[in-house]
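Structure first, then comments.
Number of protein chains: 2
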Amino acid sequence: MQSENNTNVFIFKVLSNEVRLAIIEALLKKPMNVNEICEEINEEQPRVSHELRCLAVCGFVYSEREGKRIIYEPNKDTITPIIEAANKHARIFGSKMRGCEMLSDIRKMTSR
Amino acid sequence: MQSENNTNVFIFKVLSNEVRLAIIEALLKKPMNVNEICEEINEEQPRVSHELRCLAVCGFVYSEREGKRIIYEPNKDTITPIIEAANKHARIFGSKMRGCEMLSDIRKMTSR
DNA sequence: ACATCATATCAATATTTTATCATATGTCAA
DNA sequence: TTGACATATGATAAAATATTGATATGATGT
Numbered sequence: 002m003q004s005e006n007n008t009n010v011f012i013f014k015v016l017s018n019e020v021r022l023a024i025i026e027a028l029l030k031k032p033m034n035v036n037e038i039c040e041e042i043n044e045e046q047p048r049v050s051h052e053l054r055c056l057a058v059c060g061f062v063y064s065e066r067e068g069k070r071i072i073y074e075p076n077k078d079t080i081t082p083i084i085e086a087a088n089k090h091a092r093i094f095g096s097k098m099r100g101c102e103m104l105s106d107i108r109k110m111t112s113r
Numbered sequence: 002m003q004s005e006n007n008t009n010v011f012i013f014k015v016l017s018n019e020v021r022l023a024i025i026e027a028l029l030k031k032p033m034n035v036n037e038i039c040e041e042i043n044e045e046q047p048r049v050s051h052e053l054r055c056l057a058v059c060g061f062v063y064s065e066r067e068g069k070r071i072i073y074e075p076n077k078d079t080i081t082p083i084i085e086a087a088n089k090h091a092r093i094f095g096s097k098m099r100g101c102e103m104l105s106d107i108r109k110m111t112s113r
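Top to bottom, those sequences are chains A and B. Under my numbering, think of the first position of the first sequence as 2, with each following residue one higher. Under my numbering, think of the first position of the second sequence as 2, with each following residue one higher.
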């Protein structure tokens with residue numbers, strides 16, 4: 002339970018990045034190779050490779066070589082429920098957080 | 002959908018911190034005031050107050066004054082599904098991530 | 001083996017987040 | 001209104017993460 006907790010912190014860390022989350026969402030539409038992902042989310046290739054590595058180590062995506070290309074697929078089983086649960090919270094509290102792009106933005110919100 | 006996505010990044014950021022997640026887990030057991038939380042998770046009061054503010058702004062906890070004390074409660078409705086979904090991933094891939102405390106640890110894992 | 005395309009790695013820097021401490025604010029009770 | 005307790009705030013140093021571009025590796029088909 003305690004170790005599960007620490008693992009959860011790490012899981013959320015991995016998901017708390019715009020590029021990584023964009024990659025996941027893109028792959029949920031359809032499996033792709035690095036360059037297709039780059040086009041889809043408009044990011045540089047080294048950057049996307051970097052993040053794919055992270056996502057792969059953490060079990061969020063897996064890969065399979067097809068000739069020259071390496072096709073990445075998301076691990077729908079565990080990703081989908083996490084994202085949907087977050088969506089639910091976002092739907093209700095998204096407006097409350099509007100304008101927060103960084104954690105430090107919260108300091109600027111004086112009212113509670 | 003796009004704004005939901007950005008909000009999700011933020012949601013995961015908030016949850017990707019040991020202290021904040023510990024606060025949430027503690028409050029899921031029972032509502033508490035700041036000092037009780039401090040004891041439970043063994044952290045300093047200013048630190049916990051800081052994080053409670055963050056959690057409150059983001060809709061993860063809400064508070065109610067009871068005399069001198071302010072009692073904090075978690076927003077079980079949306080938190081529980083998120084944590085459970087993460088637990089599921091942790092159960093399967095936790096071992097793969099074992100030893101990762103920081104994202105930079107991933108760089109040390111050379112094998113894929 | 002060579003040329004080419006696809007992907008990964010490295011390292012330096014910029015940005016963001018965490019951690020800490022001193023201090024302020026607020027509430028109650030005498 | 002004073003004292004005691006409870007909680008919040010602000011500034012800042014330290015640490016972690018994101019970003020970037022140059023370069024390296026790897027696989028394929030010829």
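We put the beta carbon where it would ideally sit given N, CA and C, even for glycine.
Any chain A beta carbon closer than 8 angstroms to residue i
i: Ala91/B; result: yes
i: Ala27/B; result: no
i: Pro75/B; result: no
i: Ile83/B; result: yes
i: Gly68/B; result: no
Helix, strand or coil at residue i [DSSP, three-state]
i: Met103/B; result: coil
i: Lys97/A; result: helix
i: Ser50/B; result: helix
i: Glu67/A; result: strand
i: Pro75/A; result: strand
Minimum Cβ-Cβ distance from residue i to chain B less than 8 angstroms
i: Met98/A; result: yes
i: Leu16/A; result: yes
i: Ile107/A; result: yes
i: Glu19/A; result: yes
i: Arg54/A; result: yes
i: Val35/A; result: no
i: Ile12/A; result: yes
Nonlocal neighbours in the same chain, by C-beta distance under 7 angstroms from residue i, ignoring five residues either side
i: Pro32/A; result: Ile72, Tyr73 and Glu74
i: Ile24/A; result: Ile38, Ile42, Val49, Glu52, Leu53 and Leu56
i: Arg70/B; result: Asn34
i: Tyr63/B; result: Ala57, Glu74 and Asn76
i: Asn36/B; result: Gln46
Nearest candidate by alpha-carbon position, reference residue i, set the options
i: Ala87/B; options: Glu40/B, Leu22/B, Asn34/B and Asn6/B; result: Leu22/B
i: Asn18/A; options: Val35/B, Ser64/B, Phe13/B and Glu19/B; result: Phe13/B
i: Met103/B; options: Glu45/A, Val58/A and Leu29/A; result: Val58/A
i: Thr81/B; options: Gly68/B, Thr8/B, Leu16/B and Met110/B; result: Leu16/B
i: Phe94/A; options: Thr79/B, Gly95/B, Leu29/B and Ser105/B; result: Thr79/B
i: Met98/B; options: Cys101/A, Gly60/A and Glu67/A; result: Gly60/A
i: Gln46/B; options: Lys30/B, Glu26/B and Val20/B; result: Val20/B
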